[in-house]
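Following this note's numbering, the numbering of the sequence shown begins with 30 at its first residue and continues without gaps.
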Amino acid sequence: MGVSLADTDLDDDSDFAESHEINVTPFIDVILVLLIIFMVAAPLSTVDLPIDLPTSTAIPQKKPDKPTYVSIKPDLAVAIGENLVKRVDLVRTLDTMSDVSKDRPVFLRADRAVPYGELMDVLEILRSGGYSKIKLVALEGVPDAAAAQAAPARP
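#1: Could you have a look at Thr84 and say whether DSSP puts it in helix, strand or coil?
#2: Could you tell me which of Asn112, Phe67 and Pro134 sits nearest to Ser164, measuring between CA atoms?
#3: Please state whether DSSP places Glu169 in a helix, a strand or coil.
#4: Using the Cα positions of Leu152 and Lys115, report the straight-line distance between them to the nearest angstrom.
#5: Whole angstroms is fine: what's the gap from Val166's alpha carbon to Leu64's?
#6: I'd like the span of the alpha helix (DSSP H) that includes Leu157, first residue to last.
Structure below.
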């Protein structure tokens, strides 16, 4: 409730007149706090490992609400989300996570510099652990011109 001091008499000590205007200051404060919360929380909801993914021209598919990312970094270290794990503990760590099940897909991200054999080793570890729904992650778009020239022409 706001008050107006402009219409008061100096001789009259009665109550101040009420102002019937909406005070928007608390509303603006709440909006600014929510904005700050979303600005801080938005970068935390993505996987932030520096991996140079290859590009693909395939049609993008819909991701689940909480995807599980397994990443292979350029130094061949393996991570679940942003947490580094040893390869021998990969399946055990996935099994202990509450939001991961063997019937949900696991998204595998591998850096462009990772040798094909190392990628296949991680795929084999996941397959032998019972994770058969594995999706490979790539950047959307047109492949590099150098990669297109190096690829042999298909008849």
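Here a beta-carbon is modelled for each residue, glycine too, at the ideal position from N, C-alpha and C.
So, from the listed chains and residues:
#1: Taking the first residue of the sequence shown as 1, we reach residue 84 at position 55. Three-state DSSP puts Thr84 in a strand.
#2: Here the question's residue 164 lines up with position 135 in the sequence shown. It should be pointed out that residue 164 corresponds to Lys in this sequence rather than to Ser. Closest by alpha carbon: Pro134.
#3: The sequence position of residue 169 within the sequence shown is 140, counting from 1. Three-state DSSP puts Glu169 in a strand.
#4: Counted from its first residue, the sequence shown places residue 152 at position 123. Counted from its first residue, the sequence shown places residue 115 at position 86. For Leu152 and Lys115, the distance between alpha carbons rounds to 14 Å.
#5: Taking the first residue of the sequence shown as position 1, residue 166 is located at position 137. Taking the first residue of the sequence shown as position 1, residue 64 is located at position 35. Annotation: Val166 to Leu64 spans about 31 Å, alpha carbon to alpha carbon.
#6: Reading the sequence shown from its first residue, position 128 is the one you call residue 157. In the sequence as displayed, the identity of residue 157 is Ser instead of Leu. Looking at the DSSP string, the run of the alpha helix (DSSP H) that includes Ser157 is Tyr145 to Ser157.
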